[in-house]
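Chemist:
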Amino acid sequence: MESQADDGGSVDLDGATAERLETLTLEPLLTRDYETRPALVYERLRRRHGPVAPVDLLGVPAWLVLGYREALDVLQDDAGWPKGLENWRARTDGEVPAGWPLGPSLEVNHVLIQGGPGYRPLRQAWDAALKPFQDPRHAQAKRLKAAVTAYADELISLVGQAGGTGLADLSAQFSRPLPLMVASHLLGFPGSQGDDALMDMWRVLDAGPDAEPALERLLATLAELAAVKLEKPGDDFPSYLLAAHPELSLDELARELFMLLGMTSDHVGILISNTVVEVLSGEGGVRASLSAGMVRESMNRVVMRKPPLVNFVPRFAAKDTPLGNYTIRAGDPVWVSAAAAHADQLFAGNVCPSTTVSTRAHLSWGAGLRQCPARELASTVAAVGVGRLFERFSHLELALPADQLPWRSSPFMRGLRSLPVRYELAATPAQPSAPARTAESEATVLPDPAVRQRSSLWRYLTGLIGVGR
424 MESQADDGGS VDLDGATAER LETLTLEPLL TRDYETRPAL VYERLRRRHG PVAPVDLLGV
484 PAWLVLGYRE ALDVLQDDAG WPKGLENWRA RTDGEVPAGW PLGPSLEVNH VLIQGGPGYR
544 PLRQAWDAAL KPFQDPRHAQ AKRLKAAVTA YADELISLVG QAGGTGLADL SAQFSRPLPL
604 MVASHLLGFP GSQGDDALMD MWRVLDAGPD AEPALERLLA TLAELAAVKL EKPGDDFPSY
664 LLAAHPELSL DELARELFML LGMTSDHVGI LISNTVVEVL SGEGGVRASL SAGMVRESMN
724 RVVMRKPPLV NFVPRFAAKD TPLGNYTIRA GDPVWVSAAA AHADQLFAGN VCPSTTVSTR
784 AHLSWGAGLR QCPARELAST VAAVGVGRLF ERFSHLELAL PADQLPWRSS PFMRGLRSLP
844 VRYELAATPA QPSAPARTAE SEATVLPDPA VRQRSSLWRY LTGLIGVGR
């Protein structure tokens, strides 16, 4: 039942305001303040609206979930808060602008976006296809770890071509290319043919003026790769996904490969950079954790403080449902903010800043049945990358104060635009730890160096050598 509010809006008997989202005063979310100081924006919204706030996302009304308890309520209830753009009332009614900047990324219907009955078999196929790469007992997982180590060493050696000491941008020269190279390995691109696709993935993630044609080229390239894997399956993720879900069309498989390439690369790249910053700035006991050999523990603490994925893709209310101080109408889009939920006192107030062992209750990988299927893979790539950095460099320090580092924010991710460091390479390169040197790892086939050097990615990275010296 509802009663009439003093301001003319209706109020449920439990006190939740039941006004239409479109009639509320919406605060633009993606502002300059949000890019530079998102925590203050979250706190301002929390003071004004409580744990759920009405916001404007580049001209489209949406609900932003700021509270930790409310975030869990949404993430753990697939029936009450389903994914799938077909559940979006405004989109069905033609009220979402045709040129909405977020439209292209949300319209690529893959496992991260999809709702309805098709999701469960697709997710099961993802789990099956990723298992050989995520289970450390499998030969594929051992080969992948060896490949990550080799790629990391390639990139560090490329930085070192400018000299044993100097300045480098570890974001552009290490954190961003490393997971893209690993994703290319997972996708089974022949040689370094995937490098052009990796550059287009960067353009899509950066959402610049060339993002749309880059997306078209990328999907076409991935469709060609899917066709190759359908005809000649290999020891790679696309082949395993097709084996687990033979009903996938080539276009559908290309969309899944796009999701793996995009989410793994950007998420992992940001996680690497954020971990490096936390270690070098010595905040929160992270340096002590890394010194004790606890790289993953350091990363776990980092994702609580600065999660790469700040806002999850939207869900939609299945029916009119009270949430926070509002009633969310059926079909309204709801964006859960992991970053805001981690700042909620319900979560933040129970995190001890001095301990080196951190809680696993964070939301950085999601929660519930839709928790990220590649979280172990992503963690492995990031941990190996961070580990090799601190093994190969005898000295690393930030070239800017931590609070002056330039950030880039999107509706989904928050990461550094650049990570300038002063470095000193170790005189004798540190050898990878023993587990990486196995019979399986010796079978790892990496791109031929001559082919690599002709690729667009390598030409770009070579052009960065010595930048800022």
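Note that the numbering used here has the sequence shown beginning at 424, numbered continuously upward.
For every residue, glycine included, the Cβ atom is placed at its ideal position computed from N, Cα and C.
1) Measuring only the C-alpha atoms, how far is L495 from P544?
2) The beta strand (DSSP E) spanning S817 covers which residue range?
3) Are the beta-carbon atoms belonging to P474 and L444 less than 7 angstroms from one another?
4) Whose CA, out of D826, R678, Q768, P824, lies closest to the CA of L535?
5) Taking I695 as the reference, which of A575, W523, L447, R566 has the closest Cα?
6) Kindly indicate the opening and closing residues of the beta strand (DSSP E) around S832.
7) In the DSSP assignment, what are the bridge partners of N734?
8) Report yes if the CB atom of L593 is closer than 7 angstroms to the CB atom of V807, and no otherwise.
9) Span of the beta strand (DSSP E) holding Q592?
10) What does DSSP give as the partner residues of M836 in its beta bridges?
11) Taking the alpha-carbon positions, what's the L842 to F813 distance?
12) Across the stretch 653 to 660 and the stretch 619 to 638, are there enough close Cβ pairs to call them in contact, namely three or more that are closer than 8 angstroms?
13) With burial defined as no fewer than 16 other Cβ atoms inside 10 Å of the residue's Cβ, what is the status of E670: buried or exposed?
14) Quick one: grab the DSSP three-state call for W881.
15) Can you tell me which residues form a DSSP beta bridge with I751?
16) Would D479 and L792 qualify as a contact pair, given that the criterion is a beta-carbon distance under 7 angstroms?
17) Within 10 angstroms of the Cβ of R860, are there 16 or more other Cβ atoms? Answer buried if so, exposed if not.
18) Just tell me which of E635, V809, A762, Q794 has its CA closest to the CA of Y457.
19) Are the C-beta of Y465 and some C-beta of chain D separated by less than 7 angstroms?
20) Since S688 and A606 should fall inside the 8 angstroms C-beta cutoff, what is the C-beta to C-beta distance between them, to a whole number of angstroms?
21) How big is the Cα-Cα spacing for G685 and F835?
22) What is the DSSP secondary structure of D659, reduced to helix, strand or coil?
23) For L487 and L452, which I take to be in contact (beta-carbon distance under 8 angstroms), what is that distance rounded to the nearest angstrom?
24) In its own chain, which residues sit with a C-beta less than 7 angstroms from the C-beta of G747, not counting the 5 before and 5 after it?
25) Grouping DSSP H, G and I as helix and E and B as strand, with all else coil, what is D550?
26) Using only alpha-carbon positions, find the residue among T698, K652, L621, L567 that is nearest to G838.
Modeler: Reading from the atomic positions:
1) Rounded to whole angstroms, L495 and P544 show a C-alpha spacing of 24 angstroms.
2) Counting along the chain, the beta strand (DSSP E) containing S817 begins and ends at 816 to 821.
3) Not in contact: P474 and L444 (Cβ atoms no closer than 7 angstroms).
4) Comparing Cα-Cα distances from L535 to each of D826, R678, Q768, P824, the minimum goes to R678.
5) That would be A575, whose Cα lies nearest to the Cα of I695.
6) Its beta strand (DSSP E) spans residues 830 to 832.
7) Paired residues: S760.
8) No. Outside cutoff.
9) Per the sequence shown, residue 592 should be read as Asp rather than Gln. Per DSSP, D592 belongs to the beta strand (DSSP E) from 588 to 592.
10) Beta-bridge pairing links M836 to L732.
11) Each residue's Cα considered, the two are about 15 angstroms apart.
12) Under the Cβ criterion (8 angstroms, minimum of three pairs), the stretch 653 to 660 does not count as touching the stretch 619 to 638.
13) E670 comes out exposed.
14) The answer is helix: DSSP assigns W881 an H, G or I state.
15) Answer is T744, bridged to I751.
16) Cβ atoms of D479 and L792: not closer than 7 angstroms.
17) Residue placement at R860 is poorly supported in this model, since its pLDDT is 47, which falls under 50; the coordinates still yield a value, given next. Classification for R860: exposed.
18) Looking at the Cα atoms, A762 is the closest of the given residues.
19) The question asks about chain D, but that chain is absent: this structure has only one protein chain.
20) Between S688 and A606 a beta carbon distance of about 5 angstroms is seen, short of the 8 angstroms cut, so the two are scored as contacting.
21) Going by the C-alpha atoms only, they are around 12 angstroms apart.
22) Correct three-state label for D659: coil.
23) Taking the Cβ atoms as the reference, L487 lies roughly 7 angstroms from L452, within the contact range of under 8 angstroms.
24) So the list reads G473, P474, V475, G490, E493, once near-sequence residues are dropped.
25) Of the three classes helix, strand and coil, the one that applies to D550 here is helix, per DSSP.
26) The shortest C-alpha to C-alpha distance from G838 to any of T698, K652, L621, L567 is the one to T698.
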